[in-house]
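Residue numbers (mature numbering (1 follows the signal peptide of the UniProt record, and there is no 0)): -26 to -1, 1 to 543.
We put the CB at the ideal spot given by N, CA and C, even for glycine.
What follows is a short report on a single structure.
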């Protein structure tokens, strides 16, 4: 959002919700909250607008951050752990994944702060000194955001505390609603918001919720609800209807080139993007949650550029620079991702456009080789190819014929691997700078087509599902290979959906939640993620409730736990 305010200036709205302070319960209840912002500020024209803008801020605690990435891409069939970094319990599903993990607490608290800010906007709108038209629009935005936050919560934790009114004072009274209650609230918010949201493809203040964004989210919610404990017979039909509306009614279109979707700068605002989480180069307004001590890469901004890079910067002919990024080596693609999901590289351009495979020398000279034993030394001028990843095995003779190091699959390890390039941020001011400025593309049209294809397949409309998925596949084709990329109805099944979402959305903070809603998280992790296979089990379809939430909730009259932990933790 071009005019989004610093969330810190409006933190008062969220402090009370669910005892969200990081302090112990006793300290919170005795604490006097002192702020330069009075309680009636929200009723003023500027205060109401500031509150509406502040309601967007918690999106930046989840999208484009290490903690959000950890909760959505680690421990799946497509990504495994790299050499560096913590929070590997999310990969291994071992005892490191527990109720004391600060990432879980951070996301939980930020989402509830956002919910309470939304509640305040919705409840205080009647008394706000703004026009009725602005009231309707901002309330609709707040409902979109509240639904969005609860949707993240219910996918990660199941039934959670459902609060649809503003919490003004600290409270120890919390309880767990059912998944059905949470989904009912989400759908009520979104369906009531749609008529009042901006119908244009992009609002005048870019980054705000629009009617199309709400319909895309509705399609995703219904698709997810269809396999939840709250499922209903018409969930897939409603998912398809909303997806069709987004495709047909707003003027969105897929960009001709898959790679151009992720172009930074002006390219981020394009005809495929339905909703983007806003980041800037201003450190004052680019914050998400407070940095986590010793976590690395949780310092604000869209910092996904840090986590997918291989260790290029200590290799022959290379030093770290801004263009190739700061490689934290957190995530590396699984063998299944590289050899099965991205197997077709003749017709499908997405392997080449998803992974960086070439590094040009930025440190000329003569060096000993490291991972390529087909030659002893290499010599580079500036701009020569220093590293190449062909993606398939080459013989020693093939590698020896090249004047650079060739990294073949048999030499991949936790430090050296094909590098996801969607999130690189060459606009950072220096090579060590962590907070990125690029927007996070939360909803885009390619996913809308994939939602439609999946819903139609589940409805038994295989021909229609095939048509929808082929739109995405044709766009992904190399020039002249469009017909070869199309599949037939006989090839259209859920395995095609599983893999097509992997090819199109790799790294885009969807995979763990996809596997969960498909009901095959355990199965596919066991099959395709050897690191996690020994430990993963059914309990891992939910995250542990943060211990702080349990500790701050008063016990029931019989002395039992007031806020129950998820089974197995």
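Out of the options, state which residue places its alpha-carbon closest to the alpha-carbon of residue i.
i, options, result
"residue 154", "190, 203, 117, 135", "203"
"residue 124", "104, 146, 151", "151"
"residue 244", "378, 218, 108, 420", "420"
"residue 512", "415, 233, 496, 326", "496"
"residue 78", "113, 39, 99", "39"
"residue 119", "98, 30, 104", "30"
"residue 55", "448, 503, 406", "503"
"residue 505", "34, 67, 339", "67"
"residue 390", "289, 405, 335", "289"
"residue 429", "98, 208, 50", "208"
"residue 69", "407, 514, 525, 198", "514"
"residue 161", "356, 196, 134, 342", "196"
"residue 487", "42, 21, 25", "42"
"residue 137", "156, 126, 122, 129", "156"
"residue 26", "142, 473, 108", "108"
"residue 306", "23, 28, 59", "59"
"residue 114", "185, 178, 83", "185"
"residue 176", "242, 320, 527", "242"
"residue 542", "525, 102, 526, 510", "510"
For residue i, which residues from the same chain have a beta carbon less than 6 Å from its beta carbon, with the 5 sequence-adjacent residues on both sides left out?
i, result
"residue 466", "436, 439, 440"
"residue 449", "228"
"residue 193", "213, 216, 217, 425"
Identify the residues that DSSP records as bridge partners of residue i: which are they?
i, result
"residue 211", "For residue 211, which the question treats as bridged, DSSP gives no partner whatsoever."
"residue 333", "361"
"residue 250", "415"
"residue 394", "329"
"residue 379", "361"
"residue 305", "55"
"residue 342", "351"
"residue 322", "451"
"residue 39", "Answer by DSSP bridge pairing: none, since residue 39 is not bridged."
Tell me the rounded alpha-carbon separation between residue i and residue j.
i, j, result
"residue 315", "residue 476", "7 Å"
"residue 540", "residue 64", "16 Å"
"residue 131", "residue 453", "44 Å"
"residue 529", "residue 536", "4 Å"
"residue 469", "residue 168", "33 Å"
"residue 224", "residue 48", "34 Å"
"residue 484", "residue 36", "12 Å"
"residue 336", "residue 301", "16 Å"
"residue 211", "residue 200", "10 Å"
"residue 13", "residue 304", "43 Å"
"residue 394", "residue 104", "46 Å"
"residue 218", "residue 414", "24 Å"
"residue 172", "residue 352", "58 Å"
"residue 159", "residue 522", "25 Å"
"residue 312", "residue 324", "11 Å"
"residue 376", "residue 363", "12 Å"
"residue 357", "residue 338", "8 Å"
"residue 188", "residue 370", "54 Å"
"residue 21", "residue 96", "13 Å"
"residue 57", "residue 274", "23 Å"
"residue 444", "residue 451", "10 Å"
"residue 73", "residue 463", "45 Å"
"residue 148", "residue 135", "6 Å"
"residue 32", "residue 508", "35 Å"
"residue 533", "residue 518", "22 Å"
"residue 489", "residue 498", "8 Å"
"residue 282", "residue 380", "20 Å"
"residue 178", "residue 294", "39 Å"
"residue 182", "residue 129", "23 Å"
"residue 28", "residue 256", "16 Å"
"residue 231", "residue 327", "9 Å"
"residue 86", "residue 491", "23 Å"
Using a Cβ-Cβ cutoff of less than 7 Å, which residues in the same chain neighbour residue i once the five nearest sequence positions on both sides are dropped?
i, result
"residue 531", "none"
"residue 333", "286, 292, 298, 360, 361"
"residue 236", "396"
"residue 416", "37, 249, 250, 251"
"residue 367", "382, 383, 384"
"residue 442", "423, 426, 427, 430"
"residue 349", "343, 374"
Less than 8 Å between C-beta atoms, sequence neighbours within five positions excluded: which residues of the same chain meet that for residue i?
i, result
"residue 399", "238, 276, 279, 299, 410, 411, 412"
"residue 246", "226, 227, 228, 229, 235, 418, 419, 420"
"residue 98", "16, 17, 22, 25, 140"
> What are the start and end residues of each continuous beta strand (DSSP E) run of 3 or more residues lying completely inside the stretch 64 to 149, in chain order?
Replying inline: Counting only runs of at least 3 residues, the stretch 64 to 149 fully encloses no beta strand (DSSP E) element at all.
> Can you give, in chain order, each stretch of the alpha helix (DSSP H) that sits fully within the stretch 406 to 470 and has at least 4 residues?
Replying inline: As for any alpha helix (DSSP H) of minimum length 4 sitting wholly inside the stretch 406 to 470, the runs are 419 to 432, 436 to 450, 456 to 459, ordered along the chain.
>> Restricting to runs no shorter than 4 residues, where is the alpha helix (DSSP H) found entirely within the stretch 153 to 231?
In response: As far as the stretch 153 to 231 is concerned, its whole alpha helix (DSSP H) runs of at least 4 residues are 153 to 167, 185 to 199, 209 to 223.
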